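These protein sequences, in sequence, are chains A and B.
Under our numbering, the first residue of the first sequence is numbered 1, with each subsequent residue one higher.
Under our numbering, the first residue of the second sequence is numbered 428, with each subsequent residue one higher.
For glycine and all other residues, C-beta sits at the position ideal for the given N, C-alpha and C.
None of these values were measured; they are calculated from a predicted model.
Input: a single structure, listed below in structure tokens.
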Amino acid sequence: MHKDFEIHLDDISKMEGHTTLDIVVRKGEVKDVKLKISESKRFFTQAVVGKPALSVHQLVCRICGTCSMAHLTCCIESLEYALAIQPSEQTIKLRELSMIGTILRDHAMHLYIFCLPDLLNKDSILDFDESEKHWIEDAFRVKKAGNNLATIVAGRAVHALYPQVGGFSSIPSKDQIKGLVIELKESRDSILDAIDLFYNSPLVFENKTDYVALANKDFSFVKGEITSSNGAIIPEDEFRDHLHSIVIPYSQSLGFKYEGQKYRVGALARLNLNKSSLSKETRKDTNKALSTFPSDDIFDNELAQAIEMLHCVDRAIKILETSEFKEELPLRVTATKGVGIGVIEAPRGTLYHELSIDDQGLIKEGTFVIPTSQNQISMESDIGVLVQKSLQEDTEKEEIEHKIEKLIRAYDPCMTCATHFLKVNWK
Amino acid sequence: MPWILNKSSGNKNAKKKLVVGWFSFTCSEDSTIMFLELLNDSFFDWKSKIEFRYCRFLKSKNELKDLDVAFVEGAISTQKELDSLKEVRKNCKKLVAIGACAVYGRPASQRNEFDVKTKKEIDFILKRFGYLDKVLALNEVVKVDENVPGCPMNTEKFKEILNKYLMEFKVV
């Protein structure tokens with residue numbers, strides 16, 4: 001193959017949001033890699049200023065359609081921190097169930113609809129034949145279970161209605177809970193098949209990287225300590241001391257480094273750092289697959305997501321079968337001056353919201369640190385290494401392009417989320 | 428937006444399908460997520476009646492050509508998006524605005540209401556990435572045949588319009 005060429009991938013398919021990639025190769029060496037997140041900005045960092053603190057979560061959740069619940073939950077958490085509100089145990093359970101439903105649905109979308117066609121050498125689930133039809137049935141069974149869980153607990157899976165600052169405005173009924181448990185149990189076998197498929201995936205790409213994730217003893221997505229692969233535990237208030245924003249002039253998203261190094265967040269990070277906290281039932285049924293972790297292979301992010309789908313099912317069943325939800329009005333709250341930080345695990349990784357409220361109860365300032373933004377530098381680094389390796393193996397250009405797309409997809413990026421952030425002066 | 432030409436099936440005996448494209452501009456893609464959730468129950472039925480000729484979130488090989496219906500989500504905030512929307516309009520018989528950003532411009536157009544100080548703060552980004560002065564709803568750029576309002580889109584309204592076009596284009 002000619003050793004001087006460019007690669008231009010425009011509006012890469014089968015992922016959330018829009019992104020473009022430009023690579024320059026000269027004399028067989030990768031000279032430049034630019035991952036240009038091209039999703040148009042909607043300027044939420046500016047738009048939240050002046051909005052009432054007790055309702056701003058309904059604006060903030062509209063940063064993204066698929067990560068909506070994560071933004072809603074993280075925003076509410078940061079406001080409760082700012083206002084020194086301690087939500088009830090029931091509220092925390094409902095939040096966890098809302099996030100579990102979201103992660104189950106979202107991971108299923110990514111794995112079955114975006115990634116699975118690559119594994120079956122097809123362009124799309126639309127091309128699956130009769131022998132592959134069962135994968136489509138599995139996809140929609142699992143997605144539906146996650147969607148219904150989020151809908152019943154939070155009022156809607158996208159831009160949810162019930163979560164408030166201080167509680168939930170509605171609770172699921174006993175009949176609804178019974179129906180959810182049945183649906184979740186019926187999705188279990190499908191997920192085990194997916195775990196087996198991704199465990200046996202021939203796709204491999206290793207690049208030594210650091211990892212950061214919230215870790216806690218229940219593998220809950222809504223609480224925990226910020227944990228890194230270098231052993232550090234970071235207090236939430238101090239996250240700015242460790243995460244450093246990097247302006248990427250050709251991208252509509254900022255990048256981030258952790259302690260000056262590239263790092264990854266997401267399911268791979270969560271399993272690398274905390275797999276022993278997965279549900280007992282999940283660990284029992286995924287023993288072989290779990291031995292993969294810790295891993296530096298980004299394609300193991302797909303396996304990690306599949307295992308997390310099973311954990312979501314098992315954790316949700318446990319909470320639903322052992323909890324009695326009672327009518328509980330959200331706490332009466334008055335918005336006053338304060339600063340709060342919310343940190344949760346969104347589907348694609350650790351999400352941070354920092355909001356400050358003025359003495360009128362209005363938002364003075366907002367900062368959002370998005371998982372995909374945190375992964376951007378690692379993604380670019382991986383693409384460069386992948387292309388260089390492919391050149392050494394004399395891979396044809398078209399095949400290199402396909403490999404790049406698969407690698408980016410493995411990260412499960414959400415460009416819709418990543419693009420909105422604009423705060424050049426990081427304090 | 429890449430227009431990759433691909434051969435159509437060309438089978439004259441094949442039952443007529445509704446030729447559809449799905450496009451997303453400036454938005455949260457919440458309506459795309461709702462559409463994917465509708466597929467949980469409708470995938471096989473719709474696949475038998477619809478050719479998804481342009482659908483970036485489902486496939487890589489997409490073709491912007493001779494669409495019966497283009498479903499368009501999101502507002503228009505850049506020159507590139509404006510040009511792309513006009514191209515979509517030229518290549519479809521019916522265009523449906525999906526979701527509040529497409530129908531009304533909001534909330535994607537929130538920067539239209541920023542004060543002078545905030546507009547100045549974001550000006551360098553607007554210039555660097557070719558943003559328009561104002562974010563526009565679809566009907567401020569092209570003719571829109573139907574609206575599916577909602578944030579996210581009203582799925583019952585979406586199904587009503589889809590069924591209407593399945594009949595209008597004699598698929599059912």
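Using beta-carbon distances, N147 of chain A counts as an interface residue toward chain B, with a partner under 8 angstroms. In the structure shown, C454 of chain B falls within a coil segment according to DSSP collapsed to helix, strand and coil. Nearest to I37 of chain A by C-alpha distance, out of A:Y250, A:L161, A:N274, is A:Y250. Pairing R156 of chain A with A150 of chain A, the inter-Cα distance amounts to about 6 angstroms. Only residues of its own chain outside the window of five on either side were considered, and among them S190 have a CB closer than 6 angstroms to the CB of D138 of chain A, listed in chain order.
Sorting A:I12, A:H8, A:Q58, A:K3 by C-alpha distance to the C-alpha of A410 of chain A places A:I12 at the top. At a cut-off of 8 angstroms between beta carbons, K403 of chain A makes no contact with chain B.
For T505 of chain B, the chain A residues whose Cβ falls inside 7 angstroms of its Cβ are S40, in order along the chain. In summary, N574 of chain B is buried, with 16 or more beta-carbon neighbours lying within 10 Å of its beta-carbon over all protein chains present. When rounded, the separation of the alpha-carbon atoms in C115 of chain A and F140 of chain A is 15 angstroms. Rounded to whole angstroms, R270 of chain A and K223 of chain A show a C-alpha spacing of 13 angstroms. L351 of chain A counts as buried, since at least 16 other C-beta atoms from the protein chains shown sit within 10 angstroms of its C-beta. Taking 8 angstroms as the threshold, the shortest C-beta distance from L509 of chain B to chain A does not fall below it. Taking 8 angstroms as the upper bound on Cβ-Cβ separation, chain B lies near residues Q252 of the stretch 250 to 277 of chain A. Around the beta carbon of S291 of chain A, a 10 Å sphere encloses fewer than 16 other beta carbons of the protein chains shown; the residue is thus reported as exposed. Taken atom to atom, the span from the alpha-carbon of Y592 of chain B to that of I125 of chain A is near 24 angstroms.
Residue-level contact check: N590 of chain B does not touch chain A, since none of the beta carbons of chain A fall below 8 angstroms from its beta carbon. Apart from sequence neighbours up to five positions away, the residues of its chain that approach D218 of chain A with a beta-carbon distance below 7 angstroms are S277, ordered along the chain.
In the three-state reduction of the DSSP assignment, A213 of chain A falls in the strand class. Bounds of the alpha helix (DSSP H) holding I549 of chain B are 543 to 555.
Using a Cβ-Cβ cut-off of 8 angstroms, I525 of chain B does not count as an interface residue toward chain A, since no Cβ of chain A sits closer than that to its own. Chain B places no beta carbon closer than 8 angstroms to that of R315 of chain A, leaving this residue out of the contacts. Around the beta-carbon of G28 of chain A, fewer than 16 other beta-carbon atoms lie within 10 Å, marking it exposed.
For L254 of chain A, same chain residues with a beta-carbon under 7 angstroms away, outside a window of 5 residues either side, are S245, I246, V247, I248, S373, F421 in chain order. DSSP places A346 of chain A in the strand class (E or B) of the three-state scheme. At least one beta carbon of chain B lies nearer than 8 angstroms to the beta carbon of K143 of chain A. By the C-beta criterion, the stretch 328 to 342 of chain A is judged to be in contact with the stretch 155 to 169 of chain A, since at least 3 inter-stretch pairs fall below 8 angstroms. Under the three-state reduction of DSSP output, T286 of chain A falls in the coil class, being neither helix nor strand. With its beta carbon at least 8 angstroms from every one in chain A, N539 of chain B lies outside the interface.
C64 of chain A sits in coil when the DSSP states are folded into three classes, being neither helix nor strand. Bounds of the alpha helix (DSSP H) holding H311 of chain A are 300 to 322. Listed in chain order, the alpha helix (DSSP H) elements of length 4 or more contained wholly in the stretch 453 to 492 of chain B are 457 to 476. Rounded to whole angstroms, the Cβ separation of A108 of chain A and M309 of chain A is 6 angstroms, and the two are in contact under 8 angstroms.
Taking a C-beta cut-off of 9 angstroms against chain B, the contacting residues of the stretch 118 to 129 of chain A are D123, S124, I125, L126, D127, listed in chain order. Closer than 8 angstroms to the CB of G366 of chain A there is not a single CB belonging to chain B.
By the neighbour-count definition (other C-beta atoms within 10 Å, threshold 16), Q360 of chain A is an exposed residue.
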